[in-house]
Amino acid sequence: MILDLLSQHGALSRTELAWRTGYSRAKIGAAVQSLIERRILEEVGDDESRGGRRARLLNFSSSIGYIFGVDVGATSVDIALSDFTGRILQRFDAPADVRDGPDVLLGMIKDQMLTMLQNAGLMPDQIHGIGIGVPGPVEFSTGLLIAPPIMPGWEAFPIREYFNRVFPQAIVIVDNDVNVMALGELRRGKNINAQNFIFIKIGTGIGCGIVCQGKIYRGSSGCAGDVGHICVDYNGPICHCGNRGCVEAMAAGPAIAAKAMQAAREGRSPILQQLMESNNGVLTAKDVGIAAARGDRVSIGLIQESGKLIGEMLAGVVNFFNPSLILIGGGVSNIGYQLLSSIRQAVLARSLPLSTRDLRIEYNSLRGEAGIYGAIYLALEHIFTTLATPGIDDED
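Quick note on numbering: UniProt numbering labels position 140 of the sequence shown as 140, and the sequence is numbered without any gaps.
What follows is the structure in structure tokens.
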């Protein structure tokens, strides 16, 4: 609890910690002394005077180490080096393809991490945590990907062990990318006081991160929130999972792009036709957003159709879970305001009135930063658990 507060708020005094935790100053004082003796915390200066003796401020020890956060997308990778307050010190992002397999992609990530450390004047044994978000179902207890639909060759690949060979001091935690995004919003977003919300990522696939009572809910095996394979049309197209009519197969980025290319080939949209010709015969969901912004009715209709399908799926989730907030994120969420408005309309139309009475549906506040901050805090949370303060954290 003390470490979480310092990570979230920065340097605090013992008095401030006692006020925020509700514990007595004596109990906080004893816990802080234990953390100082273990070289986890140190005094870093004086608090602003409010009359009387100035209180000493506490923060993480300068020798405690550093964190890597890694956000692996289907077509990109983002790496950040941070301190224990979640402050990003160095950042790297680049296009990448998970279909290249773990040896290629993780090798590139490892090499870039070592370059970042060299630039920062740090050594591998100073990395004490690595949080990694990946676009597939993860058995959280083992950190292994299980039958990831869009990640050939990643099944049961030992990601933790791969990085521990290079960073032996690090706790390596692997989770589904949408859980990681939800964690980023929980810890750094504008809705940090929300206790029950869901994060919907719309990109190459569709996934859902669930925050229940202020914590990520992963289910018994770690795959809670895999809503992309909820069926919305039993006669729909075959999904890459092998089933028919999954919302992901009908409303995610590739589905929007495929419908747009069909419309262009059939001559129903001159704007899409022009975009496809200039892109070597290919369209993306982003192109559909560009056409929609120019007033193309076909593109607007495709965005609205996807929003309606996603909203109808979400209505069932809302009736079941009753969240106070739905955050919409992922690359495809940026293609036009029609997507968000269509999602809202479908959820409100198909959910129970009591379920939606206090419900807000909006874009996630961190936008593209949610994944990288979530990866950092994924590592930090587990490190803080190992550094639990006797008499305080063991009461939670």
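We put the beta carbon where it would ideally sit given N, CA and C, even for glycine.
Quick caveat, the model's predicted, so the values are computed rather than measured.
Give the DSSP-derived three-state secondary structure of His240 in the structure shown.
The residue you call residue 240 lines up with position 240 of the sequence shown. If DSSP states are grouped into helix, strand and coil, His240 belongs with coil.
Smallest Cα separation from Leu114: which of Gly86, Val166, Ala147, Ala96?
As a position in the sequence shown, residue 114 is number 114, starting the count at 1. Nearest of Gly86, Val166, Ala147, Ala96 to Leu114, Cα basis: Val166.
Identify the continuous alpha helix (DSSP H) that holds Phe140 and give its terminal residues.
As a working mapping, residue 140 is identified with position 140 in the sequence shown. Looking at the DSSP string, Phe140 is not in any alpha helix (DSSP H), and its letter there is neither H nor E.
Look at the alpha carbon of Asp396 and the alpha carbon of Val282, and state the distance between them as a whole number of angstroms.
Taking the first residue of the sequence shown as position 1, residue 396 is located at position 396. Taking the first residue of the sequence shown as position 1, residue 282 is located at position 282. Here Asp396 scores only 46 on pLDDT, less than 50, and its place in the model should not be relied on; the value that follows carries that caveat. Straight-line Cα distance between these residues: approximately 53 Å.
On a CA-only basis, which of Arg357, Phe60, Glu43, Arg91 is nearest Ala375? Give me that one, please.
Indexing the sequence shown from 1 puts residue 375 at position 375. The shortest C-alpha separation from Ala375 is found at Arg91.
Could you name each continuous alpha helix (DSSP H) segment of 4 residues or more that falls completely within the stretch 279–326, going from the start of the chain to the end?
285–293, 297–321
Only counting the same chain, and skipping five residues up and downstream in sequence, which positions put a Cβ closer than 6 Å to that of Arg360?
Residue 360 sits at position 360 when you count from the first residue of the sequence shown. If we look at Arg360 and ignore the five residues flanking it on each side, its Cβ neighbours are Leu325.
Quick check: Gly65 and Ile79, are their CB atoms within less than 9 Å of each other?
Taking the sequence shown and counting its residues from 1, one reaches residue 65 at position 65. Taking the sequence shown and counting its residues from 1, one reaches residue 79 at position 79. Contact flag unset, no.
Paired residues, beta bridge with Phe384 - DSSP:
The count along the sequence shown starts at 1 and reaches residue 384 at position 384. According to DSSP, Phe384 bridges with nothing at all.
Pop quiz: residue 399 and Gly10 are said to be a contact at Cβ under 8 Å. What is the actual Cβ separation, rounded to whole angstroms?
In the structure as shown, the chain begins at 1 and stops at 396. Residue 399 is therefore absent and cannot be evaluated.
How do the stretch 180–194 and the stretch 238–251 stand: do at least 3 beta-carbon pairs fall below 8 Å, yes or no?
no
For Gln246, the residue or residues it bridges with in DSSP:
What you label residue 246 is simply residue 246 of the sequence shown in a count that begins at 1. Residue 246 is actually Cys in this sequence, not Gln. DSSP lists Cys231 as partners of Cys246.
Nonlocal neighbours in the same chain, by C-beta distance under 7 Å from Ala18, ignoring five residues either side
Translated into the one-based positions of the sequence shown, residue 18 becomes position 18. So the qualifying residues of the chain are Ser24, Arg25, Ile28.
C-alpha gap between residue 401 and Gln262, whole angstroms:
Given that the chain is displayed from residue 1 to residue 396, the structure contains no residue 401 and the question cannot be resolved.
Check whether Leu6 and Ile198 have beta carbons under 9 Å apart:
For this step, residue 6 is matched to residue 6 along the sequence shown. For this step, residue 198 is matched to residue 198 along the sequence shown. In this structure, Ile198 does not lie closer than 9 Å to Leu6 by Cβ.
Using the Cα positions of Val317 and Pro270, report the straight-line distance between them to the nearest angstrom.
Counted from its first residue, the sequence shown places residue 317 at position 317. Counted from its first residue, the sequence shown places residue 270 at position 270. Val317 and Pro270: Cα-Cα distance of roughly 38 Å.
For Tyr363 versus Arg187, is the C-beta distance shorter than 9 Å?
The residue given as residue 363 occupies position 363 in the sequence shown. The residue given as residue 187 occupies position 187 in the sequence shown. No; because the gap between Cβ atoms is not below 9 Å, this pair is not in contact.
Keeping to the same chain, check which residues put their C-beta closer than 7 Å to that of Val232; ignore five residues upstream and five downstream.
Reading the sequence shown from its first residue, position 232 is the one you call residue 232. These residues qualify, in order along the chain: Gly245, Val247, Met250, Leu309, Glu312, Met313.
Boundaries (first-last residue) of the alpha helix (DSSP H) holding Tyr66:
For the purposes of this step, residue 66 is taken as the residue at position 66 of the sequence shown. Unbroken run through Tyr66 is the beta strand (DSSP E), 66–72; no alpha helix (DSSP H).
Classify Phe167 as helix, strand or coil using the three-state DSSP reduction.
As a working note, residue 167 is residue 167 in the sequence shown. The answer is coil: DSSP assigns Phe167 none of H, G, I, E or B.
Among all the DSSP beta bridges, which residues are the ones paired with Tyr363?
Numbered from 1 along the sequence shown, position 363 holds the residue referred to as residue 363. BP columns for Tyr363 point to Ile328.
Endpoints, beta strand (DSSP E) assigned at Pro149
Indexing the sequence shown from 1 puts residue 149 at position 149. Here Pro149 belongs to no beta strand (DSSP E), and DSSP marks it neither H nor E.
Can you tell me whether Glu369 is buried or exposed, with buried defined as 16 or more other CB within 10 angstroms of its CB?
Indexing the sequence shown from 1 puts residue 369 at position 369. Counting Cβ neighbours within 10 Å, Glu369 comes out buried, since at least 16 surround it.
Between which two residues does the beta strand (DSSP E) carrying Lys215 extend?
On the sequence shown, position 215 is the one that residue 215 refers to. First-last of the beta strand (DSSP E) with Lys215: 215–217.
Selected residue, minimal CA-CA separation from Gly225, among Gly209, Thr386, Gln213
Within the sequence shown, residue 225 is the residue found at index 225, counting from 1. Nearest of Gly209, Thr386, Gln213 to Gly225, Cα basis: Gly209.
Within 8 Å, do at least three Cβ pairs link the stretch 340–356 to the stretch 145–154?
no
According to DSSP, simplified to helix, strand and coil, what is Leu354?
Indexing the sequence shown from 1 puts residue 354 at position 354. The answer is helix: DSSP assigns Leu354 an H, G or I state.
How big is the Cα-Cα spacing for Ile239 and Glu37?
Counted from its first residue, the sequence shown places residue 239 at position 239. Counted from its first residue, the sequence shown places residue 37 at position 37. First, the amino acid is wrong: residue 239 is Cys here, not Ile. Their Cα atoms are separated by approximately 56 Å.
What residue range is occupied by the uninterrupted beta strand (DSSP E) comprising Glu43?
Here residue 43 is taken as the residue at index 43 of the sequence shown, counted from 1. Element bounds for Glu43: 41–46.
My assumption, with CB atoms under 8 Å, is that Leu35 sits in contact with Asp46. Please give the rounded CB distance.
Residue 35 sits at position 35 when you count from the first residue of the sequence shown. Residue 46 sits at position 46 when you count from the first residue of the sequence shown. Contact flag wrong, Cβ pair sits at about 19 Å.
With distances taken between CB atoms, is the gap from Pro102 to Ile159 smaller than 9 Å?
The sequence position of residue 102 within the sequence shown is 102, counting from 1. The sequence position of residue 159 within the sequence shown is 159, counting from 1. Yes, they are a contact pair.
Taking 9 Å as the threshold (C-beta atoms), are Ala257 and Val288 in contact?
What you label residue 288 is simply residue 288 of the sequence shown in a count that begins at 1. What you label residue 257 is simply residue 257 of the sequence shown in a count that begins at 1. Going by C-beta atoms, Val288 is nearer than 9 Å to Ala257.
Given this structure, state the Cα-to-Cα distance separating Thr385 from Arg99, to the nearest angstrom.
For the purposes of this step, residue 385 is taken as the residue at position 385 of the sequence shown. For the purposes of this step, residue 99 is taken as the residue at position 99 of the sequence shown. Each residue's Cα considered, the two are about 34 Å apart.
Within 10 Å of its beta-carbon, does Pro135 have 16 or more other beta-carbons around it, so buried, or fewer, so exposed?
Indexing the sequence shown from 1 puts residue 135 at position 135. Per the 10 Å Cβ criterion, buried.
Look at the alpha carbon of Ala120 and the alpha carbon of Asn319, and state the distance between them as a whole number of angstroms.
The count along the sequence shown starts at 1 and reaches residue 120 at position 120. The count along the sequence shown starts at 1 and reaches residue 319 at position 319. Each residue's Cα considered, the two are about 49 Å apart.
Closest residue to Arg54 among Glu16, Ile40, Pro95 (Cα-Cα distance):
Locating residue 54 in the sequence shown gives position 54, counting from the first residue. Minimum Cα distance to Arg54 is reached at Glu16.
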